[in-house]
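Engineer:
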Amino acid sequence: MENWQEILSKSIISPGDLPEEFRGDIPTLEKVVARYPMRINPYYLDLIQKVGTPLSRQAVPDAQELSDNVCLEDPLDEENLSPVPNLIHKYPDRVLFLVHSQCAMYCRFCTRKRKVGLDTMKISERTIKLGLQYLQNNKSVRDVLISGGDPLLLSNEKLEWILSSLRKIKHIEIIRIGSRVPCVLPMRITKKLVSILQKYHPLYINTHFNHPGEITKESSTACGLLADAGIPLGCQTVLLKGVNDNQETIKELMRSLLRIRVKPYYLFQGDMTKGTDHFRTKIETGLGIMRNLIGHTSGMAVPIFAVDAPKGGGKIPLVPQYVQKLDKNLVFNNYCGKTYTYVDGY
4 MENWQEILSK SIISPGDLPE EFRGDIPTLE KVVARYPMRI NPYYLDLIQK VGTPLSRQAV
64 PDAQELSDNV CLEDPLDEEN LSPVPNLIHK YPDRVLFLVH SQCAMYCRFC TRKRKVGLDT
124 MKISERTIKL GLQYLQNNKS VRDVLISGGD PLLLSNEKLE WILSSLRKIK HIEIIRIGSR
184 VPCVLPMRIT KKLVSILQKY HPLYINTHFN HPGEITKESS TACGLLADAG IPLGCQTVLL
244 KGVNDNQETI KELMRSLLRI RVKPYYLFQG DMTKGTDHFR TKIETGLGIM RNLIGHTSGM
304 AVPIFAVDAP KGGGKIPLVP QYVQKLDKNL VFNNYCGKTY TYVDGY
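Under our numbering, think of the first position of the sequence shown as 4, with each following residue one higher.
1. If you compare alpha carbons, which of Trp7, Ala225, Thr224 and Gly315 is closest to Thr114?
2. To the nearest angstrom, how far is it from the Cα of Arg97 to the Cα of Arg26?
3. Taking only three categories from DSSP, how would you classify Phe25?
4. Under a three-way DSSP split, which group does His103 fall into?
5. Write down the C-beta distance between Glu68 and Arg111 rounded to the nearest angstrom, noting that I regard them as a contact closer than 8 Å.
6. Assuming Val184 and Leu229 make a contact with CB atoms under 8 Å, what is their CB distance in whole Å?
7. Out of Gln201, Leu166 and Ser150, which one is the CA nearest neighbour of Ile1?
8. Would you list, in sequence order, the uninterrupted alpha helix (DSSP H) runs of no fewer than 4 residues that lie entirely inside the segment 178-231?
9. What is the DSSP secondary structure of Thr114, counted as helix, strand or coil?
10. If we count Cβ pairs, one from each stretch, closer than 8 Å, do we get three or more for the segment 261-268 versus the segment 46-61?
11. How many whole angstroms separate the CB atoms of Leu206 and Ile172, which I take to be in contact at a CB cut-off of 8 Å?
12. Within 10 angstroms of its Cβ, does Arg129 collect 16 or more other Cβ (buried), or is it exposed?
13. Would you mind reading off the limits of the alpha helix (DSSP H) that contains Tyr338?
14. Within 10 angstroms of its Cβ, does Pro189 collect 16 or more other Cβ (buried), or is it exposed?
15. If you follow the alpha helix (DSSP H) that Pro45 is part of, which residue opens it and which one closes it?
If you want it as structure tokens, here you go:
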């Protein structure tokens, strides 16, 4: 049986190597890949061929990536919020710590597509040590989200070095890992990896599924290994045109996530990232989906619909409008559209 490194080494990185049905105009796609790299590993390619467009759109380059005149290279202003390389300190008590520049698959809608997988994203032992030193010196930080790229593509040894170093900083209470590996390369989640991760509780993993077709026997097994080790799992889904921008798909995805012990966490409106405008939906689309979820399925299956504000404004939750009036009483509609009154407190 192939291990995850062997599977990753067989990834498609050139448009000319794509299956014929996905090739399109090769010269144009080569221009896209010269700017925004491609990697589709054999596991996810097999899923694409089984499921079709909702998965191929996420992975196969598109000429529209080069014709985006609306969005921004760095929509969340991460570079200006980095006191040291690859560490973003946006919120008072938590930071985003980028520790790897590679991914198991390069998603075409990635918010960091300006640099992930490119030589311009320089991460080394030196930059990681600079980040650790910054965290040691900033006692206001209690929560660290490790991301990249994908941290779970690091070797077990390097990942453990980072985790153990963070655990030595007394004021850091929570460690989170952001990873799409359980979805796109689930065989990376081995018993050895899990035995390392579970030594550093409280540790959380936020993974990323966008379509029910991504929930397979393999990804279910990977999430099960993590959950059995006491690692709480959340999912950050992105609302994507032509992938999941309808009520039925999102509802099925959220319910399916709960079945594999992954809590729906965020449903994100697409970031205004250069090269991704063709994925963005109207805000009303997301609000309509949320109205179809709230009250119509378990609250456990309802994520927070949010937009990550451009220029570093942070995550803003968006909810359907239920309130009709608020003075001495709260007058509101419920999920069925019926009107109710709640007498306000004093």
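All C-beta atoms, glycine included, are put in the ideal place defined by N, C-alpha and C. All values derive from a computational prediction rather than experimental measurement.
Structural biologist: Taking the structure as given:
1. The residue you call residue 114 lines up with position 111 of the sequence shown. Out of Trp7, Ala225, Thr224 and Gly315, the CA that lies nearest to the CA of Thr114 is found in Gly315.
2. If you number the sequence shown from 1, residue 97 lands on position 94. If you number the sequence shown from 1, residue 26 lands on position 23. One C-alpha to the other measures close to 42 Å.
3. Your numbering for residue 25 matches position 22 in the sequence shown. Helix, per DSSP.
4. Stepping through the sequence shown from its first residue, residue 103 is reached at position 100. The three-state reading of DSSP puts His103 in strand, counting E and B together.
5. Position 65 of the sequence shown, counting from 1, holds the residue named residue 68. Position 108 of the sequence shown, counting from 1, holds the residue named residue 111. 7 Å between Cβ atoms; contact.
6. The residue you call residue 184 lines up with position 181 of the sequence shown. The residue you call residue 229 lines up with position 226 of the sequence shown. Not confirmed; about 10 Å, so no contact.
7. In this structure the chain extends from 4 to 349, so residue 1 is not present and cannot be described.
8. The segment 178-231 contains these whole alpha helix (DSSP H) runs: 184-187, 194-200 and 220-231.
9. Start at 1 with the first residue of the sequence shown, and residue 114 comes out as number 111. Here Thr114 sits in coil by DSSP.
10. Short answer: they don't touch.
11. Against the sequence shown, residue 206 aligns to sequence position 203. Against the sequence shown, residue 172 aligns to sequence position 169. Cβ-Cβ separation between Leu206 and Ile172: approximately 14 Å, too far for a contact (criterion under 8 Å).
12. The sequence position of residue 129 within the sequence shown is 126, counting from 1. That one is exposed.
13. In the sequence shown, residue 338 corresponds to position 335, counting from 1. Neither: Tyr338 is in no alpha helix (DSSP H) and is coded neither H nor E.
14. Residue numbering aside, residue 189 sits at position 186 when the sequence shown is read from its first letter. Counting the other CB atoms within 10 Å of its CB gives Pro189 a total of 16 or more, which places it among the buried residues.
15. Here the question's residue 45 lines up with position 42 in the sequence shown. Counting along the chain, Pro45 sits inside the alpha helix (DSSP H) bounded by residues Pro45 to Val54.
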